[in-house]
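> Yeah, the sequence shown ends on 301 if you go by this note's numbering, and it's all consecutive. Quick reminder that beta carbons are idealized off the backbone N, C-alpha and C, glycines included. Note that the structure is a prediction, hence the values are computed from the model and not measured. Could you have a look at this structure, given as structure tokens, before my questions?
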Amino acid sequence: MSRPEYQAPPEIYYGDAEAKKYTQNTRNQQIQADMTYRALELLNLPPDEPAFLLDIGCGSGLSGEILEEEGHIWAGVDIAPSMLEVALERDIDGDLFLQDIGQGFSFRPGSFDGAISISVLQWLLNAETSHPTSSPPHRLTRFFTTLHSALRNPSRAVFQFYPTSDDQIQLITSIAQRAGFGGGVVVDYPNSKKARKVFLCLFVGGGSTQQQIPKGVEGEDDEQVRFERRREKERKRDVSGKRKNMKDRDWILKKKEASQLYRQRGKEGVPRDSKFTGRKRKPIF
């Protein structure tokens, strides 16, 4: 059987105009936000504690914005220069790296408290060239081995992806397990053709082989799907449908905690915290 030819993700071919158009599309924004919120649920991070997360396939930073709103700091990797340029223009807070994830990572061991990835993992199933080291198993092995090293113990990594067969799921999970991960596949809305979403939820350390894989969300009705995915977001929106101003007291305190964590990790150029806390002042009269 001949090896499949390498097919790069469509966003690699995006020019600046196409990358901006993709980012500004409200449907793309909604889908990305919904899946990012779900990935954060599956990460099961400690509440009210800022974490340092890796966004794999970060694109123009749509998921990163959600991570920021939830009080986390993040770094992102992507293979598409045009998407990273849009992210820079949007002045997002995350550190950005141009990287082919199939070549693996070179982060220091234990750098990240967790990782998420939206709609990216399936691209590692394509062969880059006919050379054996560019085959999907080799690319997946490099990816999962170096990712496992970059995550602290214990932690989780959550990938939303689009497999085309059970064989693909088996190949991915088996290579991830050989790299040292525990965990498995979580399927949301398994009986719905439109709403079905596949997540790979991986565990590092902490008795990873004994940890219970989270349950998928059940349901078939599209209305139920929209309700489940937007339930948390609607609490943060006003009647006009726009996001509320996040710069309230809690948001400011979370940003200060994130800045402190940046400094503890040795990041340069982190501005000093101001004395402003967002506390409402009593009226003079």
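Have a look at residue 34 and residue 265 and give me their C-alpha separation to the nearest angstrom.
37 Å
> Closer than 6 Å by C-beta to residue 234: which residues in its own chain qualify, once you throw out the five before and the five after it? Chain order, please.
Within the same chain, and ignoring the five residues on either side of residue 234 in sequence, no residue has its Cβ closer than 6 Å to its Cβ.
> Taking the alpha-carbon positions, what's the residue 190 to residue 64 distance?
34 Å
> For residue 311 and residue 133, which I take to be in contact (beta-carbon distance under 8 Å), what is that distance rounded to the nearest angstrom?
Summary: the structure shown does not reach residue 311, with the chain confined to residues 17 through 301, and so no result is reported for it.
> For residue 147, does the count of other Cβ atoms within 10 angstroms reach 16, so buried, or fall short, so exposed?
exposed
> When the Cα of residue 277 is compared with those of 177, 142, 194, 87, which residue comes out closest?
87
> Which one of 48, 54, 40 has the shortest CA to CA distance from residue 217?
Taking only the C-alpha atoms, the option nearest residue 217 is 54.
> Within a Cβ cutoff of 7 Å, which residues of the same chain sit near residue 119, ignoring the five residues on either side of it in sequence?
158
> Note down, in chain order, each residue of its chain lying with its Cβ closer than 7 Å to the Cβ of residue 82, except the 5 sequence neighbours on either side.
Cβ neighbours of residue 82 beyond the five flanking positions: 49, 52, 53.
> Let me confirm a value: residue 129 is counted as buried when at least 16 other C-beta atoms fall within 10 Å, else exposed. Which label applies?
buried
> By the three-class DSSP mapping on this structure, what secondary structure does residue 106 have?
coil
> By Cβ distance, which residues of its chain are closer than 8 Å to residue 44, with the 5 residues on each side in sequence left out?
38, 78
> Answer with buried or exposed for residue 259, where buried requires no fewer than 16 other C-beta atoms within 10 angstroms of its C-beta.
Residue confidence for residue 259 is low, a pLDDT of 49 falling below 50, so the modelled location carries little weight; the figure read from the coordinates is stated next. Exposed: under 16 other Cβ atoms inside 10 Å.
> What residue from 67, 90, 104 has the CA that sits closest to residue 170's CA?
67
> For residue 151, which of 108, 187, 125 has the nearest alpha-carbon?
187
> Nearest-angstrom Cα distance between residue 220 and residue 165?
9 Å
> Relative to the C-alpha of residue 180, which residue among 167, 142, 41 is closest?
142
> How about residue 121 and residue 162: do their beta carbons lie closer than 8 Å?
yes
> Out of curiosity, what's the CA-to-CA distance linking residue 138 and residue 273?
Their backbone Cα atoms lie some 35 Å apart in a straight line.
> Can you give me the Cβ contacts of residue 175 inside the same chain, cut-off strictly under 7 Å, excluding the 5 residues immediately before and after it?
133, 137, 215, 216
> In three-state DSSP terms, what is residue 72?
strand
> Is residue 231 buried or exposed, if buried means 16 or more other CB atoms sit within 10 Å of its CB?
In summary, residue 231 is exposed, with fewer than 16 beta-carbon neighbours lying within 10 Å of its beta-carbon over all protein chains present.
> Please state whether the Cβ-Cβ distance between residue 112 and residue 97 is less than 8 Å.
no
> Strictly by DSSP, which residues pair up with residue 267?
Partner(s): none; residue 267 has no beta bridge.
> So, for residue 167: in the same chain, excluding its five sequence neighbours on each side, which residues have a beta-carbon less than 6 Å away from its beta-carbon?
128, 220
> Can you find the residues in the same chain that come closer than 6 Å, C-beta to C-beta, to residue 102, ignoring five residues on each side of it along the sequence?
35, 36, 39, 76
> I'd like the span of the beta strand (DSSP E) that includes residue 129, first residue to last.
128-134
> Measuring alpha carbon to alpha carbon, tell me which residue in 199, 185, 160, 211 is nearest residue 59.
Checking every option, the nearest Cα to that of residue 59 belongs to 199.
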